[in-house]
Structures are given as C-alpha cells and as structure tokens.
Amino acid sequence: MPMAEPLLRLTVDEKRFAGTSILAGLDLDITQGEVLALVGPSGCGKSTALMLAAGLDRDFDGTCTPAPGIRIVPHFQEPSLLPWRSLSDNVDMALPPAERGRGQARRWLDAVELPRDSHGQFPSQVSLGMQRRAALARTLAADGDLLLLDEPLVSLDAALADRLRVLLLRRMVERQGLAMLLVTHDLTEAATMADTILVLAGHPARVVARIHPPVPRGQRHGEQVAATIRHIQVAQSSTISPDEAAAAPHPSAPEKVSR
Numbered sequence: 001m002p003m004a005e006p007l008l009r010l011t012v013d014e015k016r017f018a019g020t021s022i023l024a025g026l027d028l029d030i031t032q033g034e035v036l037a038l039v040g041p042s043g044c045g046k047s048t049a050l051m052l053a054a055g056l057d058r059d060f061d062g063t064c065t066p067a068p069g070i071r072i073v074p075h076f077q078e079p080s081l082l083p084w085r086s087l088s089d090n091v092d093m094a095l096p097p098a099e100r101g102r103g104q105a106r107r108w109l110d111a112v113e114l115p116r117d118s119h120g121q122f123p124s125q126v127s128l129g130m131q132r133r134a135a136l137a138r139t140l141a142a143d144g145d146l147l148l149l150d151e152p153l154v155s156l157d158a159a160l161a162d163r164l165r166v167l168l169l170r171r172m173v174e175r176q177g178l179a180m181l182l183v184t185h186d187l188t189e190a191a192t193m194a195d196t197i198l199v200l201a202g203h204p205a206r207v208v209a210r211i212h213p214p215v216p217r218g219q220r221h222g223e224q225v226a227a228t229i230r231h232i233q234v235a236q237s238s239t240i241s242p243d244e245a246a247a248a249p250h251p252s253a254p255e256k257v258s259r
C-alpha cells in the first residue's frame, strides 16, 4: 500500500536571525492522524520552526509545502484573543460558519474547564491562564486539519494540564485524520502524546534524534514514558549524528546502568 502524502512537509536548510544561524538541517513530514513533537532547549528555534510551518515566516533557505486545500490552525504561546470580544465570542468566531451562534462556543469553553461565569467576560477581565485556555478552546473549535501548537499548556497546573492532554488526544480520535505539530519543553508531554519526537540540539539547532515510542499514544504510562524521556535526554546531551542517535538503544528496552 503506498504511503499517504504528508499534510505538511518542511525542509529548513538554514534559518538565520540577525546574521546568526539558528536552525539547520531540519526536515519533517506530518501525516494525517499524527502527533509530531519538537523538543529542545529553550531558545533553540522550536517556535521559529512552527512559524515556518505556519507560513508566517518565509525568510529562510528551504521549503514549506502544505497539502492542497488543508486548513492549518496555528496556536501560539500568547493567547492573542481579540480584546474587544468576550471569551465566548472569540471562540464562536473560529467555528465553521454553519456552527456559529449555536452554543458550540460554550461546549469548547466547558471542555477546557473554564467556569460558565467567565464565558461572557473580556480577556482583560480574566487571568492569563484562563486566556490561554480560551485560546486553546478557539484552536480546537476551528476544526483544522493540522494544528500547530506552541506550548499549548504552558503555565497550567499539572493536574489541569494532564486533563487537557487527554482532551487533545480525545480530539484526535473524534476528528479523523487530524494532525498536530507540538512544540514543547515538557518532556513528559512529548513522551505521552507524540507518535514521533524530533529532538533538536546544537548551535545552530539540528535534529539529533527521531524517536518513535513503541506504545500507542494515550496508552503510555509509568516506565514506558520514563524510558522515552531518558532517550530524549540522552539525545539532547549528545553531539553524535542523527543516524547514530537513531541507532541508540530503543526506549522500550533501556540499557541497565551498573551501580
């Protein structure tokens, strides 16, 4: 059976900022139904890669090729809600036209656990964390084919973040074919959610490992998640080539360390 064409193909030969090379040798394909995570140290260019994938920054050497007709929905760290609209109106505007004004915004705001009495408030009247949850509700409501998520759960408390990860994974099941590019500094998040994890390291940042957790997303717990995290950490601290990192011991069978 032939492999499906990717929803998005991004090749970055080099991305420079203020004369400094910050990304090089980044090559990623995102296919239908896939969660692909980008992890790496702060400031290594993960968010820049997402901007390139969104088509919002074209000043780089390389190519960004989305599949014809797909709907790409970017989600940034800062909420960027319209300040003159209520939280409910911000979400309602993102819905497909046929669903607007029918109470669907409430459904998504409920899904991200925002209290009902906040739905009619303006962004300036609620906390930054609540704004971020409203922005996530808006992103999910937009019914995109590919979500580009830049630290979507940053600054949320651990228990709430865990529940919202479950929400994101449930949305992957409900919306057949939905794909996500997830930028995160949270290794547990990547190890729990992603089908493929690209580890960035170095100056300029390059892909030093491509990790494919052996257990399907949403079914990984305990040692399975911990083993994948260890694999990521080893790759981040290594200067070996991507091919050598890919040949490292698989996270499903980590090497024992003698004490």
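Counting in UniProt numbering, the sequence shown runs from 1 upward without gaps.
Each residue gets a CB set at the ideal place from its N, CA and C atoms; glycine is no exception.
If distances are taken between C-alpha atoms only, which option among the options comes closest to residue i?
i    : options                   : result
P152 : A190, I197, D89 and D143  : A190
N238 : P213, Q121 and A205       : Reading the sequence as shown, one finds Ser at residue 238 and not Asn. It is A205 whose Cα lies nearest to the Cα of S238.
A201 : Q32, G19, L10 and K46     : K46
P123 : V154, A98 and V91         : V91
R58  : D89, R16 and A67          : R16
P83  : F60, L128, L52 and H221   : L128
A135 : D13, D89, D117 and T192   : D89
T139 : P68, E5, W108 and E223    : W108
R217 : I197, R230 and V154       : I197
L182 : Q121, L146, L160 and A18  : L146
D157 : S118, R133, G120 and V215 : R133
I72  : P79, A161, L56 and H212   : L56
D212 : L167, M130 and D195       : According to the sequence as given, residue 212 is His; it is not Asp. Among L167, M130 and D195, the Cα nearest to that of H212 is on D195.
V207 : C44, G19 and A18          : C44
T20  : H221, V215 and H203       : H203
A137 : D110, A18 and R116        : D110
Go through its chain and collect everything with a Cβ distance to residue i's Cβ below 8 Å, but skip five positions before and after it.
i    : result
A95  : Reading off the sequence shown, one finds Leu at residue 95, where the question assumed Ala. So the qualifying residues of the chain are Q104, A105, A141, A142 and D143.
S42  : H185
G101 : D92
V225 : T188, A191 and T192
V12  : L23, A24, G25, L26, D27, A49, L52, F60, D61 and G62
G33  : M172, Q176, G177, L178 and A179
S86  : H119, G120, Q121 and F122
S80  : A135
Classify residue i as helix, strand or coil using the three-state DSSP reduction.
i    : result
S88  : helix
L182 : strand
A142 : coil
E99  : helix
R163 : helix
L156 : coil
D56  : Note that residue 56 corresponds to Leu in the displayed sequence, not to Asp. The answer is coil: DSSP assigns L56 none of H, G, I, E or B.
R171 : helix
T48  : helix
A4   : coil
T63  : strand
T192 : helix
L148 : strand
A24  : strand
L187 : helix
A18  : coil
L10  : strand
Please work out which residues of its chain come closer than 6 Å, Cβ to Cβ, to residue i, disregarding the five sequence neighbours upstream and downstream, and give them in chain order.
i    : result
T65  : R9
P74  : A54 and L148
A161 : L153
V126 : S118
V215 : Q224
E14  : S21, A24 and D61
Measure how close the beta-carbons of residue i and residue j come, nearest whole angstrom, since I'm counting them as under 8 Å.
i    : j    : result
V39  : I232 : 6 Å
M193 : A37  : 7 Å
I22  : A179 : Between A179 and I22 the Cβ distance is about 25 Å, and since that is not below 8 Å, they are no contact.
A98  : L7   : Not really, about 23 Å apart at Cβ, beyond 8 Å.
V154 : Q219 : Wrong, their Cβ atoms sit about 25 Å apart, outside the cutoff.
L169 : V112 : With a Cβ gap of about 14 Å, L169 and V112 do not count as contacting.
Going along the chain, which residues of its own chain have a beta-carbon closer than 7 Å to the beta-carbon of residue i, five neighbours each way excluded?
i    : result
E5   : A67
E223 : none
M130 : L114 and S118
I70  : L7, D145 and L146
request  = Go through the segment 194-231 residue by residue and report every complete run of the beta strand (DSSP E) that reaches 3 residues or more, in order.
outcome  = Within the segment 194-231, the complete beta strand (DSSP E) runs of at least 3 residues are 196-201 and 206-211.
key: alpha helix (DSSP H) segments (min. 4 residues) lying fully within the segment 101-138   = Annotation: the segment 101-138 contains the following complete segments of the alpha helix (DSSP H) (minimum length 4 residues), in chain order: 104-111.
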